[in-house]
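K.L.:
Mind looking over this structure? Questions follow.
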Amino acid sequence: MLTGEICAIDHSHKVTKQIARVNGEQVFTALLTVTNEKGEIRICNFVATKSHSQFEIALTRMRNSLEQYGHKQPMLFYTDNMADKQFLENSFPSLQLGVTPIEKYANLEPLNITSSIVVFDSTESINNAVSTILDDVPVDHGEIVVGFDSEWDVELSPQGFVRSVGNTAVIQIAYKKRVLILQIANMANRGVLPSKLQLFLSHPRIRKAGRLVTGDLTRLQNISHSSQPFVGGLDLAKLAKERFLIKISYAAMDAYAALEIYTKLVSDYQVPSPLPLDPPPLSPILILGSDLSSVIAEGSILLNPPENKVVDGVLITKKHIVINVVRVHNRGAIISSHQKRSLDSFGDPPFSLICLRNHLRLYSPTTSNPSETTTATTSTSTSTLLTSTCIPPHVDVSDDLFDIQNKTISLGESLSSDISGTESANVTNSFAVDNQSASVGAEIIGEVPSEWDYSVHSRVLKDVWHVFHMLYLPATHALRKQFTRELRDAFFIPNEDDQRHINSWGAIQKPPKTYQELRNSMPDWTRARCRHIIPPPHLLYPLCMENCFKYS
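Just so you know, we're using the numbering used here here: the sequence shown kicks off at 19 and counts up by one.
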């Protein structure tokens, strides 16, 4: 009989560790809870997995009970996992009312296919079409690259889940200025593919570029019962990762796009390589962290190395190279060989740094336009090469030089602890400002829009508490508490009546306490007694932007 107009859904893994064990193993992995706008528990279910099927019935019963007792259906749902959005909208159709969906990747220009598109559906026509590609394979050990993709039918349940997957129905191949659409559904159902197509699929010197191509080739090999393995798959995500480019989540990848992306990656980006025995001065260098999986700085080999073999207490040996650092990506990285100084302590670039050779990579700065993709919060560079901090997984790991595992604390944890402290009225005067980070932030954030779109784009929103738990700061940072307080004050606006009551109560305490003092020193106590609202986007955005600019 409880209401459920504004709900929050979450999985908790604490209770299940203490109950219902069989032979020492947990029966349930999580406790699913849905609360309403009054903080009342609307659903409380033990689940064996986090699969949607585990709590689909519970949500259906909640929807039916709201209707039975004359309550309004949910108009807003908070979740820690935005991947649940479609599932929640299917469970509660009210969450789709008046919603104007945002087109995915709307900031990107649409891909225009300039190649000619030809469809083939018979064995003879497919053999003839594929032969034109086979004829171009070099006689020597060279290779050719084609864009490759395939499609197949799926059977969905009424709830939108995949029941079964059919055989491959369509193959798309892009080569030069042509896109071949091969309709093979009937052939696949008979378990026979055209001979030239099988030769094409098994040819090791025809590289098939696309997304998850190996899986497509394996599916086709199983369909045709071929004794020859279908090879030559070239996964674009892996190719991009090796070039330190951010991974793209492909909603769909046709053959033409695959070929275009492959060409761009190979022509414009090079894989960073280990240093040769005698690298030339001024060579561009990437400096890696202790795990060799993140780029912490970039620069070049010093033109005139110091004559003194001991610099900053570091004995320079053949294992070391002095780098002129011109850009820092992780200012908190600890340099153990420099008396465990952080990169931040060296000041603004440029500065010299003594590095182990195996922590350095040669790279070629690209001339392409900077990526417009927002990088992870640990990266502060708009370098076109370093839009990600991924390193090829085959690199050996060493902890000789860097230790970047600083103790950090999430803002969510800070909000449940005492964050009282003195206020620094002018942060930019009291502390050094990272000008590079400030300029990157200004480029990413942009200007405040002159006109706001007041349309409702989603009634399923990311739970703000989980957002705060995603943001981490060094526990010893001098401005951690002040930054947390100011960001909290931007997000959570107290109810005026509740704030007045708390101020009245605090005034008679010894010593007297204001609402703001109690909010900082006793955050959980205050939240339990004061309602808060989150301002709408046109009010919240400028506040958050001001906070980000203030702290660079």
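Every residue gets a Cβ at the ideal spot worked out from N, C-alpha and C, and that includes glycine.
Is the Cβ-Cβ distance between I372 and V340 less than 8 Å?
P.N.:
Walking along the sequence shown from the start, residue 372 turns up at place 354. Walking along the sequence shown from the start, residue 340 turns up at place 322. One thing to note: I372 has its Cβ within 8 Å of the Cβ of V340.
K.L.:
Taking all protein chains shown into account, decide if A270 is buried (16 or more other Cβ within 10 angstroms of its Cβ) or exposed.
P.N.:
One-based indexing of the sequence shown puts residue 270 at position 252. Because the pLDDT of A270 is 33, which lies under 50, any placement of that residue in the model is unreliable, and the number read from its coordinates should be weighed accordingly. Label assigned to A270: exposed.
K.L.:
Would you check if the distance between the CB atom of N342 and the CB atom of G317 is smaller than 8 Å?
P.N.:
Here residue 342 corresponds to residue number 324 of the sequence shown, with the count starting at 1. Here residue 317 corresponds to residue number 299 of the sequence shown, with the count starting at 1. Yes.
K.L.:
Quick check on DSSP: helix, strand or coil for P292?
P.N.:
As a position in the sequence shown, residue 292 is number 274, starting the count at 1. It is a strand residue.
K.L.:
Looking at G228 and D167, is the spacing between their C-beta atoms short of 8 Å?
P.N.:
Here residue 167 is taken as the residue at index 149 of the sequence shown, counted from 1. Here residue 228 is taken as the residue at index 210 of the sequence shown, counted from 1. In this structure, G228 lies closer than 8 Å to D167 by Cβ.
K.L.:
Report all residues from its chain with a CB closer than 6 Å to the CB of I427; omit the five preceding and five following residues, and keep chain order.
P.N.:
Against the sequence shown, residue 427 aligns to sequence position 409. Excluding residues within five positions, the ones whose Cβ falls inside 6 Å are A493.
K.L.:
Express the C-alpha separation of V188 and I199 in angstroms, rounding to a whole number.
P.N.:
In the sequence shown, the residue the question calls residue 199 occupies position 181. In the sequence shown, the residue the question calls residue 188 occupies position 170. The straight-line gap separating the alpha-carbon atoms of I199 and V188 is approximately 7 Å.
K.L.:
According to DSSP, simplified to helix, strand and coil, what is L152?
P.N.:
Numbered from its first residue, the sequence shown carries residue 152 at position 134. Residue state, collapsed to three classes: helix.
K.L.:
On the three-state DSSP scale, how would you describe Y280?
P.N.:
Counting from 1 along the sequence shown, the entry for residue 280 is found at position 262. Of the three classes helix, strand and coil, the one that applies to Y280 here is helix, per DSSP.
K.L.:
Which stretch, first to last residue, makes up the alpha helix (DSSP H) that contains R547?
P.N.:
Along the sequence shown, one-based indexing puts residue 547 at 529. R547: member of the alpha helix (DSSP H) spanning P541 to R547, first to last residue.
K.L.:
Could you check what DSSP says for V466 in three-state terms: helix, strand or coil?
P.N.:
As a working note, residue 466 is residue 448 in the sequence shown. Here V466 sits in coil by DSSP.
K.L.:
Go to V231, then tell me how far its alpha helix (DSSP H) extends in each direction, as first and last residue.
P.N.:
The residue labelled residue 231 in the question sits at position 213 within the sequence shown. Unbroken alpha helix (DSSP H) run through V231: V231 to S242.
K.L.:
At the level of alpha carbons, what is the spacing between C562 and T97?
P.N.:
Stepping through the sequence shown from its first residue, residue 562 is reached at position 544. Stepping through the sequence shown from its first residue, residue 97 is reached at position 79. Distance between C562 and T97, taken at the CA atoms: about 21 Å.
K.L.:
On a CA-only basis, which of R547, S438 and T544 is nearest E504? Give me that one, please.
P.N.:
Here the question's residue 504 lines up with position 486 in the sequence shown. The residue with the shortest Cα to Cα distance from E504 is S438.
K.L.:
Which residue wins for smallest C-alpha separation from Q72, given the options A508, V117 and H29?
P.N.:
The residue labelled residue 72 in the question sits at position 54 within the sequence shown. For Q72, the nearest C-alpha among the options comes from H29.
K.L.:
Note down the Cα distance separating P553 from L491, rounded to an integer number of angstroms.
P.N.:
To locate residue 553, count along the sequence shown from 1; it is residue 535. To locate residue 491, count along the sequence shown from 1; it is residue 473. Using only the alpha carbons, I get a separation of about 25 Å.
K.L.:
Roughly how many angstroms separate the alpha carbons of G42 and M80, rounded to a whole number?
P.N.:
Within the sequence shown, residue 42 is the residue found at index 24, counting from 1. Within the sequence shown, residue 80 is the residue found at index 62, counting from 1. Going from the Cα of G42 to the Cα of M80 covers about 33 Å.
K.L.:
Pick helix, strand or coil for G439, following the three-state DSSP scheme.
P.N.:
The residue given as residue 439 occupies position 421 in the sequence shown. It is coil, neither helix nor strand.
K.L.:
When you compare only the Cα positions, how much space is there between R477 and Q357?
P.N.:
Here residue 477 refers to the residue found at position 459 when the sequence shown is read from its first residue. Here residue 357 refers to the residue found at position 339 when the sequence shown is read from its first residue. Going by the C-alpha atoms only, they are around 52 Å apart.
K.L.:
Could you name the residues that DSSP lists as bridge partners for W170?
P.N.:
As a position in the sequence shown, residue 170 is number 152, starting the count at 1. As a beta-bridge residue in DSSP terms, W170 pairs with T186.
K.L.:
Roughly how many angstroms lie between the CA atoms of Q534 and S435, to the nearest whole one?
P.N.:
By 1-based counting over the sequence shown, the position of residue 534 is 516. By 1-based counting over the sequence shown, the position of residue 435 is 417. The alpha-carbon atoms of Q534 and S435 are separated by roughly 14 Å.
K.L.:
Restricting to runs no shorter than 3 residues, where is the beta strand (DSSP E) found entirely within the segment 317-374?
P.N.:
The DSSP assignment places 338-346 and 369-374 as complete runs of the beta strand (DSSP E) inside the segment 317-374, in order along the chain (cut-off: 3 residues).
K.L.:
Quick check on the burial criterion: 16 or more other C-beta atoms within 10 angstroms. Buried or exposed for T34?
P.N.:
As a first step, residue 34 must be located in the sequence shown, where it is residue number 16. Its Cβ being crowded by 16 or more others within 10 Å, T34 is buried.
K.L.:
Out of V137, H221 and I551, state which residue places its alpha-carbon closest to the alpha-carbon of G160.
P.N.:
Taking the sequence shown and counting its residues from 1, the one referred to as residue 160 is at position 142. The candidate whose alpha carbon is nearest that of G160 is H221.
K.L.:
With DSSP run on the structure shown, which of helix, strand or coil describes D253?
P.N.:
One-based indexing of the sequence shown puts residue 253 at position 235. In this structure, D253 counts as strand in the three-state DSSP scheme.
K.L.:
Evaluate the contact criterion for the segment 232-244 versus the segment 201-217: three or more CB pairs, one atom per stretch, below 8 Å.
P.N.:
Output reads yes: the segment 201-217 touches the segment 232-244.
K.L.:
Enumerate, from N- to C-terminal direction, the unbroken beta strand (DSSP E) stretches of 3 or more residues contained entirely within the segment 41-103.
P.N.:
48-53, 59-65 and 94-97
K.L.:
Between the C-alpha atoms of V344 and P367, what's the straight-line distance to the nearest angstrom?
P.N.:
Translated into positions along the sequence shown, residue 344 becomes position 326. Translated into positions along the sequence shown, residue 367 becomes position 349. Their backbone Cα atoms lie some 5 Å apart in a straight line.
K.L.:
What are the start and end residues of the beta strand (DSSP E) that includes Q114?
P.N.:
By one-based count along the sequence shown, residue 114 stands at place 96. Segment: none, Q114 is in no beta strand (DSSP E) and carries neither H nor E.
K.L.:
Using DSSP with H/G/I as helix, E/B as strand and the rest coil, what is P247?
P.N.:
Taking the first residue of the sequence shown as 1, we reach residue 247 at position 229. P247 falls in the coil class under three-state DSSP.
K.L.:
Is L571 near A192, with beta carbons less than 8 Å apart?
P.N.:
Only positions 19 to 570 of the chain appear in the structure, and residue 571 is not among them; the question remains open.
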